[in-house]
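Residue numbers (our numbering): 30 to 197.
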């Protein structure tokens, strides 16, 4: 799973960045960054909502039910809180929506990609001799991104056109 989404038109953004620097338009640049971030925020919010409401089912119990979870960290909320937006206007310009693995516990780092594939395999209460499969509706990340991509691309194109008009 690609864990980030990049909406960019590198050629246009780089050319626009050079023109912004030449014009000294610092407030135009900050306005452009703010508007690109605003274009990406609905995607981030929808990804977070999708993760928080993601149905995860087990393979079925063959033995008696277990007790309360030893893990006090809620899986879905932890992953949802790690979804971030980054906007750059220099270097490799564009907007990136990604999962910040640094904001997740070490044992959660691969779980988003496993859930996106539809299957999460893990030891039962940390017991490495007993494993269980859990299933999610795949691909939660890809479907959400696909539904937002046209809106984001048109919004970023509109922002770039507005900035070009202001510089002309």
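We treat Cβ as the ideally placed atom computed from N, Cα and C, and that holds for glycine.
Bridge pairing for residue 123: 117 [DSSP]. DSSP, read as helix, strand or coil, puts residue 88 in coil. Residue 76 sits in a helix when the DSSP states are folded into three classes. Take residue 149, set aside five residues on each side of it, and the residues of its chain with a beta-carbon closer than 6 Å to its own are 143, 163, in chain order.
In the three-state DSSP reduction, residue 158 falls in the strand class (E or B). In its chain, beyond the 5 residues on either side, 114, 116, 124 have a beta carbon closer than 8 Å to the beta carbon of residue 66. Residue 104: not part of any beta strand (DSSP E); member of the alpha helix (DSSP H) spanning 104-110, first to last residue. By the Cβ-count criterion, residue 177 is buried, with 16 or more other Cβ atoms from all chains shown falling within 10 Å of its own Cβ.
Counting the other Cβ atoms within 10 Å of the Cβ of residue 108 gives 16 or more, which makes it buried. Around the beta-carbon of residue 112, 16 or more other beta-carbon atoms lie within 10 Å, marking it buried.
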